[in-house]
Structure formats: structure tokens, C-alpha cells
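Only one structure is covered here, and it is reproduced in the block below.
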Amino acid sequence: MGVVQGLTEFFPVSSTAHLILFPWFFGWSGDIDSLIFDVALHGGTLLALLICFYRDWIDMLTKNRQMLYYIIIATIPAGIAGILLKDLVEHTFRSPVIIIFSLVVFGILMLIAESYSKRLKSRTGGQASLKDYIFIGLAQAIALIPGVSRSGITITAGLFRNLTRESAARFSFLLSTPVIGGAVLLEGRKLFNGPVSYNLELFGVGFIAAFISGFFAIKFLLYFLRKHPMNIFVYYRFLLAAAILIAVYK
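All residue numbers for the sequence shown refer to this note's numbering, where the first residue is 98 and numbers rise by one.
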């Protein structure tokens with residue numbers, strides 16, 4: 098599950114959907130099929146983000162304050178949506194039917210964005226504007242729905258704002274850091290302070306696996322997107338949706 102989280106958090110295929118589907122497919126239960134375990138895995142990918150982009154964060158904290166303010170502003174929509182839709186995210190949205198719909202619809206949107214970006218001359222230098230960040234930040238809020246994919250929807254939004262795929266991916270990862278960090282801090286308290294006793298060894302293994310796989314997933318995706326479109330991930334989304342559909346209605 099840690100490796101699944103590490104790969105799918107950054108590949109545009111929806112980590113939340115996979116964390117829901119794997120226990121569902123294999124009949125796993127207990128701590129490994131709990132929201133708090135998912136949060137621990139997200140902690141591993143958060144660490145991967147911080148290590149991969151620590152130079153960017155140091156630069157923003159010491160020099161490029163404008164970029165830091167942009168990220169804070171763009172993070173607000175996802176933060177508000179997370180608070181207002183908390184119950185829906187934890188229960189109602191964790192449905193295979195919703196995941197099927199999200200995988201297909203937002204996969205199609207990814208293809209449209211790729212086609213749209215080819216018709217325009219992508220910006221290859223400079224920084225994204227505040228409007229770019231707000232637009233991508235609004236898109237990030239939609240990623241609360243399982244099957245959407247945070248990286249998928251934010252990279253797609255970046256392409257619609259005429260950014261290169263690699264630039265859009267970097268912006269996506271920087272924007273996701275505060276959101277993932279906030280979720281880990283808010284929900285992670287339950288791991289140590291809640292009334293339920295959890296298997297900390299299990300959580301630790303998942304955390305480490307998510308960190309290692311997430312680190313390499315970030316490096317690979319940034320390299321991959323320099324030369325290749327997201328189409329292969331879209332086709333995977335369609336195959337996954339078909340597999341879920343067959344499993345649900347067999």
C-alpha cells in the first residue's frame with residue numbers, strides 16, 4: 098500500500114482511488130483499510146515532496162516571497178473544500194461508482210488539455226502568474242473526489258493556462274505540499290492521541306515505502322513529462338475504470 102501511494106500520488110491516476118480500491122479488491126480490512134492509515138502513507142509522500150523540492154522552499158522562504166504568497170493563496174480553495182466536504186470525502190465519495198466516473202471524465206479532460214496545449218506556444222521560461230496559481234488552486238480542490246487525481250487535475254489546469262507539462266507538474270507538486278501537510282497534521286493527531294490503538298509498526302513500514310517510491314515517482318514523472326504527453330496515464334485510467342465496472346457488476 099505504501100508503494101501504491103508513492104506511485105499514484107504523483108502519477109495522474111488518483112492515489113485516493115487506489116487506496117480505496119486495493120483493500121476492496123483483495124478483501125483487506127483493519128488498520129490497512131482505514132483513513133488514518135491513508136494519512137500515514139500521505140506523510141511518506143509529503144516527506145518525498147519536501148526532499149525533492151527543498152531548494153524551492155528555501156528560496157521561497159528566504160528570497161522569493163512573492164511565489165510563497167502565490168502558493169498560499171492558491172492553497173486556500175483546497176483547504177476550504179477539505180473542511181466543508183470532510184464528511185462527504187470520508188464516506189460518500191469513497192464509492193467505486195464515483196471513482197469510475199471520475200477516472201473516465203477527468204481522463205478525457207486530460208486528453209483535451211494535451212490537445213489544447215499543442216495548439217498554443219507553451220511558456221518555457223519565467224514564473225506562473227497569480228492567475229495561473231489561482232486557476233490551478235481551484236482545480237486542486239476538485240481532487241478531493243477519489244478518481245480525479247491531484248497531480249492529474251492540476252497539471253491539466255496548468256496546460257490550459259499554457260504552461261509546459263514539466264512546469265505544470267512542478268507547480269502541481271509545490272501546491273500540493275501545503276494541502277498534504279495540513280491533512281497529515283490534522284488527521285495524524287488521531288494516530289497518537291486518539292482512543293483507538295493502532296499498529297505503529299505497520300504504519301511505519303507504509304510510511305517508509307510511500308516515501309521511497311514517492312521520491313522516485315517525482316523524479317521519473319518530471320523527466321517523463323519533458324518529452325511525453327499524459328496519454329499513457331489516461332489509458333490506464335480507462336482500463337482501471339473498466340476493471341472496477343466489471344468487478345462491481347459481475
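A virtual CB, placed ideally from N, CA and C, is assigned to each residue, including glycine.
Helix, strand or coil for residue i, going by three-state DSSP, please let me know.
i, result
"K183", "helix"
"H325", "coil"
"W125", "coil"
"I252", "helix"
"A171", "helix"
"A210", "helix"
"K160", "coil"
"P120", "helix"
"L241", "coil"
"F330", "helix"
"V348", "The shown model of the chain, from 98 to 347, leaves out residue 348, and the question about it has no answer."
"R191", "coil"
"A89", "Residue 89 lies beyond the stretch modelled for the chain, which goes from 98 to 347, so this question has no answer here."
"S246", "coil"
"S131", "coil"
"F335", "helix"
"F150", "coil"
Measuring only the C-alpha atoms, how far is residue i from residue j?
i, j, result
"Y248", "D229", "Note that residue 248 is Ser in the sequence shown, not Tyr. Distance between the alpha carbons of S248 and D229 is about 15 Å."
"L235", "L282", "22 Å"
"P193", "I343", "11 Å"
"I196", "Y346", "14 Å"
"A171", "I233", "7 Å"
"S246", "G127", "25 Å"
"L116", "F190", "13 Å"
"L200", "G244", "5 Å"
"I180", "N259", "31 Å"
"V302", "G176", "28 Å"
"F270", "F122", "29 Å"
"L318", "L144", "17 Å"
"S226", "P109", "23 Å"
"F300", "G124", "19 Å"
"I315", "C149", "8 Å"
"F313", "R267", "14 Å"
"L241", "L208", "21 Å"
"G99", "A210", "30 Å"
"A340", "L118", "11 Å"
"G103", "A114", "13 Å"
"Y166", "I129", "37 Å"
"H202", "T159", "Reading off the sequence, residue 202 comes out as Val, not His. In a straight line, the C-alpha of V202 is about 41 Å away from that of T159."
"A133", "H139", "In the sequence as displayed, the identity of residue 133 is Ile instead of Ala. The alpha-carbon atoms of I133 and H139 are separated by roughly 10 Å."
"P174", "V276", "10 Å"
"M157", "I169", "11 Å"
"Y333", "S310", "19 Å"
"K215", "V331", "17 Å"
"I305", "V101", "12 Å"
"A137", "G285", "7 Å"
"N328", "F335", "11 Å"
"Y295", "D135", "13 Å"
"F107", "K183", "22 Å"
"A338", "S111", "12 Å"
Under the assumption that residue i contacts residue j (Cβ atoms under 8 Å), give the Cβ distance between them as a whole number of angstroms.
i, j, result
"S264", "G278", "In fact, because the Cβ distance is near 22 Å, the residues do not count as touching under 8 Å."
"L147", "T251", "L147 to T251, Cβ: 18 Å. No contact."
"A307", "G141", "3 Å"
"L322", "T253", "L322 to T253, Cβ: 12 Å. No contact."
"A178", "A238", "4 Å"
I'd like to know if residue i contacts chain B, where contact means its C-beta is closer than 8 Å to some C-beta of that chain.
i, result
"F198", "Note that chain B does not occur in the displayed structure, where there is just one protein chain."
Problem - Runs of beta strand (DSSP E) lying entirely within the segment 265 to 312, each at least 3 residues, in chain order - result: If we require 3 residues or more, the segment 265 to 312 turns out to have no beta strand (DSSP E) run fully inside it.
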